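Each number in the working numbering corresponds to the 1-based position in the sequence shown with 219 added.
Even glycine gets a Cβ: it sits at the ideal position worked out from N, Cα and C.
In this text the structure is predicted, and so the values were computed from the model without any measurement.
Okay, structure first, notes after.
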Amino acid sequence: MTGKLVLIGGVSGVGKTTLAERLCRVMGCPNIRIHNYVLKIAKERMVDPIKKWDSLLRKSVPLIIEDVERWQFAVCDYHFAIQPRYDTAYAVGEIIEEDLNEPYVKGLCDAVLKIDEWSKIRVYPLLLDAPTNHILSRRKRACNIKRPRSLNPKSIEVEKKYERQYFEEARNLLDENHGYSKVVKNKEGSFEQTFKGVLEHIMQ
């Protein structure tokens, strides 16, 4: 059996973690963090993960795929578009002020997406999407979080724009005409329907 990795993208507040946690409970699988692999290698090599991100990520992919093959199934909630300084600070538990003008870059660069090892498993790139007002509502209700994201609707629209752009570029490199990628709507009050649709998609 080929291992499966469900890669759930989307902006903060769209419901990635909720979907990932439900999938993990139902499938009995881990929710992996790509950042953790990168940071582990960075620590071992004593290098700056921000400056060496792409290089470290390329070295992480074979380890990720090896784990997915062993587990047979894994989920990863992830941003296809990231702000390197801010997202890395969050990953290591640091709290810094969000700079809304920090450029967005690809969380998975083209060189990483083209690595041959991806062919060893099935990757299901999913983009979780929701209306901006729903995302804003979720962010306002969030509590006990390390870093509240922007409550500016215009900022959310920019996040969504780059997340969608980089998702589309990633799906073109990962799909190879297998049709595993999908855009998933997750409006307020529709989570159960969203979850059912995703589960059916990845079990085909």
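Local conformation of residue i per DSSP, three classes
i    : result
V417 : helix
Y399 : coil
F386 : helix
D329 : helix
I301 : strand
L238 : helix
V233 : coil
N250 : strand
L282 : helix
L393 : helix
K270 : coil
I354 : helix
N363 : Because N363 carries a pLDDT of 48, less than 50, the predicted location of this residue cannot be relied on, and the following value inherits that uncertainty. DSSP places N363 in coil when its eight states are reduced to three.
Q423 : coil
D318 : coil
S338 : helix
N-terminal and C-terminal residue of the beta strand (DSSP E) that residue i is part of
i    : result
L226 : K223 to G228
V342 : R341 to D348
According to DSSP, residues forming a beta bridge with residue i
i    : result
F292 : K223
K404 : D348
V377 : DSSP lists no partner for V377.
K287 : The residue asked about is misnamed: residue 287 is Val in this sequence, not Lys. In DSSP, V287 forms no bridge with anything.
E324 : For the record, residue 324 in the displayed sequence is Val; it is not Glu. V324 is bridged to I301.
Residue j beta carbon less than 8 Å from that of residue i
i    : j    : result
L418 : V280 : no
F299 : F386 : yes
C295 : I340 : no
D318 : V402 : no
P372 : L346 : no
K235 : I421 : no
V331 : Y399 : no
E316 : I284 : no
G232 : E382 : no
K359 : L370 : yes
H353 : E411 : no
L282 : Y256 : yes
I253 : Y297 : yes
D201 : C328 : Since the first residue shown for the chain is 220 and the last is 423, residue 201 is missing from the structure and cannot be characterised.
Integer Cβ distance of residue i from residue j, believed to fall under 8 Å
i    : j    : result
L393 : P344 : 6 Å
P303 : V324 : 6 Å
P249 : W290 : 6 Å
T351 : E376 : 6 Å
I301 : K278 : About 18 Å separates the two Cβ atoms, so there is no contact after all.
Range covered by the alpha helix (DSSP H) that runs through residue i
i    : result
L258 : I253 to R264
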